[in-house]
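Have a look at the structure below before the remarks.
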Amino acid sequence: MKKQIYSLIQYEESVATMEAGADNIGLVPMQKGGVPAHRVPIDRVHKIFDEAKRRGVTTVAIMLTNDPEEMLELAEEVQSDILHIAGDGYDATPEFAKRLKEVAPDTKLMQAVLVDNESAIQRAKNFAPFVDFILLDSGLAPDTGIGASGLTHDWNIDARIVEEVDVPVIEAGGLGPDNVAEAIAKIKPYGVDSLTKTSIKYDGGNMEKDIEKVRLFCQRADEAAEKLGL
245 MKKQIYSLIQ YEESVATMEA GADNIGLVPM QKGGVPAHRV PIDRVHKIFD EAKRRGVTTV
305 AIMLTNDPEE MLELAEEVQS DILHIAGDGY DATPEFAKRL KEVAPDTKLM QAVLVDNESA
365 IQRAKNFAPF VDFILLDSGL APDTGIGASG LTHDWNIDAR IVEEVDVPVI EAGGLGPDNV
425 AEAIAKIKPY GVDSLTKTSI KYDGGNMEKD IEKVRLFCQR ADEAAEKLGL
């Protein structure tokens, strides 16, 4: 069970998050989209990603911009293991997937799917032929795109997507130490993602990871997956 932790900002918290058990770490490289306090300067992105790769931890560059050209420029610059498209106005296309491989041959493509009703099932199926991962999430906001709401959604829909789509699915949306085991038992995803419930949020949009909650999230996810044989 892959444990994916968003959204890292500082180098020290990134290292602590990896040491707490995260398999994937995600951050928002400096770009037009997203909360300004959450964007990470490119030199720090390289420092964090270099350390992650040294440790064998998967790196995720989160795209909140809706400009595909900016996404491709960032993909070429940071060469992350995964590029996550989460903007509210642009979805991956076969052409984008092709161009991504040209500028970042080793970068895999993850598309966020907003699970607001059963139409999410068909939307996920539409992406499956040309993306490497699908992330199922809640909420839609102009400053964070798909996700970062801290809310759960209908896990019955997610379970159907996992069953019907032949692409690894990462479950997101309001997951934390309190409910990750239940989500895994219900949905049986490839991985689980946490942002809001493993973060400490401050005024002005600043936040940092609550490392003890990250540790508990990872521990309980592993225990749940082992119990189910996942």
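Just so we're aligned, residue 245 is where the sequence shown starts under this note's numbering, counting upward by one.
Cβ coordinates follow ideal geometry from the N, Cα and C atoms, glycine included.
What is the residue span of the alpha helix (DSSP H) that phenylalanine 340 lies within? Working through the sequence shown from its first residue, we reach residue 340 at position 96. 338-347 is the extent of the alpha helix (DSSP H) around phenylalanine 340.
So which of Met451, Leu327 and Val406 has the shortest CA-CA distance to glutamate 314? Stepping through the sequence shown from its first residue, residue 314 is reached at position 70. Among Met451, Leu327 and Val406, the Cα nearest to that of glutamate 314 belongs to Leu327.
Whether alanine 356 touches aspartate 381 by CB criterion (7 angstroms): Position 112 of the sequence shown holds residue 356. Position 137 of the sequence shown holds residue 381. Yes, the pair counts as a contact, with Cβ atoms nearer than the cut-off.
Spell out a yes or no on whether the region 305-324 and the region 269-287 are touching, meaning 3 or more CB-CB pairs, one atom from each, closer than 8 angstroms. The region 305-324 makes contact with the region 269-287, as at least three CB pairs between them are under 8 angstroms.
Determine the burial state of leucine 472: buried for a count of at least 16 other Cβ atoms within 10 Å of its Cβ, exposed for fewer. Here residue 472 corresponds to residue number 228 of the sequence shown, with the count starting at 1. Residue burial annotation: leucine 472 is exposed, with fewer than 16 other C-beta atoms found within 10 angstroms of its C-beta.
Arginine 299: buried (16+ other C-beta within 10 angstroms of its C-beta) or exposed? By 1-based counting over the sequence shown, the position of residue 299 is 55. So arginine 299 counts as exposed.
Buried or exposed for isoleucine 428, going by 16 or more other Cβ atoms inside 10 Å? Translated into the one-based positions of the sequence shown, residue 428 becomes position 184. That one is buried.
Buried or exposed: where does aspartate 294 fall if 16 or more other Cβ atoms within 10 Å of its Cβ makes it buried? Sequence index remark: in the sequence shown, residue 294 carries index 50 (1-based). Label assigned to aspartate 294: exposed.
Evaluate glutamate 339 with the Cβ neighbour count: other Cβ atoms within 10 Å of its Cβ, from every protein chain shown; 16 or more gives buried, anything less gives exposed. What you label residue 339 is simply residue 95 of the sequence shown in a count that begins at 1. By the neighbour-count rule (16 or more Cβ atoms within 10 Å), glutamate 339 is not buried but exposed.
N- and C-terminal bounds of the alpha helix (DSSP H) containing asparagine 400: As a working note, residue 400 is residue 156 in the sequence shown. For asparagine 400, the enclosing alpha helix (DSSP H) has its first and last residue at 399-408.
How many whole angstroms separate the CB atoms of glutamate 467 and alanine 425, which I take to be in contact at a CB cut-off of 8 angstroms? Along the sequence shown, one-based indexing puts residue 467 at 223. Along the sequence shown, one-based indexing puts residue 425 at 181. Glutamate 467 to alanine 425, Cβ: 7 angstroms. Contact.
Could you tell me how far apart the beta carbons of serine 324 and threonine 303 are, in whole angstroms, since I believe they sit closer than 8 angstroms? In the sequence shown, the residue the question calls residue 324 occupies position 80. In the sequence shown, the residue the question calls residue 303 occupies position 59. That pair is a contact at about 4 angstroms.
Excluding the 5 residues preceding and the 5 following cysteine 462 in the sequence, name in chain order all residues of the same chain whose CB lies nearer than 7 angstroms to its CB. Taking the sequence shown and counting its residues from 1, the one referred to as residue 462 is at position 218. Around cysteine 462: Lys247, Ala264, Gly265 and Ala266.
Are alanine 305 and proline 273 closer than 7 angstroms when you measure CB to CB? As a position in the sequence shown, residue 305 is number 61, starting the count at 1. As a position in the sequence shown, residue 273 is number 29, starting the count at 1. Annotated as proximal: alanine 305 and proline 273, with beta-carbon spacing under 7 angstroms.
Which runs of the beta strand (DSSP E) at least 3 residues long sit entirely within the region 265-324? Give them in chain order. Listed in chain order, they are 268-273 and 302-307.
Might you give, ordered along the chain, the residues of its own chain that have their beta carbon closer than 7 angstroms to the beta carbon of lysine 430, omitting 5 neighbours on each side? In the sequence shown, counting from the first residue as 1, residue 430 sits at position 186. Trp399 and Ala403, listed in sequence order.
Take alanine 372 and list the residues in its own chain whose beta-carbon comes closer than 8 angstroms to its own, dropping the five residues that flank it on each side. Numbered from 1 along the sequence shown, position 128 holds the residue referred to as residue 372. A distance below 8 angstroms between beta-carbons, with the five flanking residues on each side excluded, links alanine 372 to the following residues of its chain, in chain order: Ile378, Val409, Asp410 and Val411.
Hey, would you say methionine 262 sits closer than 7 angstroms to valine 301, going by beta carbons? Here residue 262 corresponds to residue number 18 of the sequence shown, with the count starting at 1. Here residue 301 corresponds to residue number 57 of the sequence shown, with the count starting at 1. Yes, they are a contact pair.
Which residue comes first and which comes last in the beta strand (DSSP E) that contains valine 413? Residue numbering aside, residue 413 sits at position 169 when the sequence shown is read from its first letter. Where valine 413 is concerned, the enclosing beta strand (DSSP E) stretches over 413-415.
Check this for me: beta carbons of leucine 353 and alanine 341, under 7 angstroms apart or not? In the sequence shown, the residue the question calls residue 353 occupies position 109. In the sequence shown, the residue the question calls residue 341 occupies position 97. Going by C-beta atoms, leucine 353 is nearer than 7 angstroms to alanine 341.
Going along the chain, which residues of its own chain have a beta-carbon closer than 7 angstroms to the beta-carbon of alanine 416, five neighbours each way excluded? Walking along the sequence shown from the start, residue 416 turns up at place 172. Listed in chain order, the non-local C-beta contacts of alanine 416 below 7 angstroms within the same chain comprise Leu379, Leu380, Asp381, Gly391 and Asp437, local neighbours out to five positions each way being set aside.
Count the other C-beta atoms from every protein chain shown that fall within 10 angstroms of the C-beta of asparagine 361, then say buried if there are 16 or more, exposed otherwise. Counting from one through the sequence shown, the residue named residue 361 turns up at place 117. Residue burial annotation: asparagine 361 is exposed, with fewer than 16 other C-beta atoms found within 10 angstroms of its C-beta.
Collapsed DSSP secondary structure at valine 357 in the structure displayed: The residue labelled residue 357 in the question sits at position 113 within the sequence shown. In the structure shown, valine 357 falls within a strand segment according to DSSP collapsed to helix, strand and coil.
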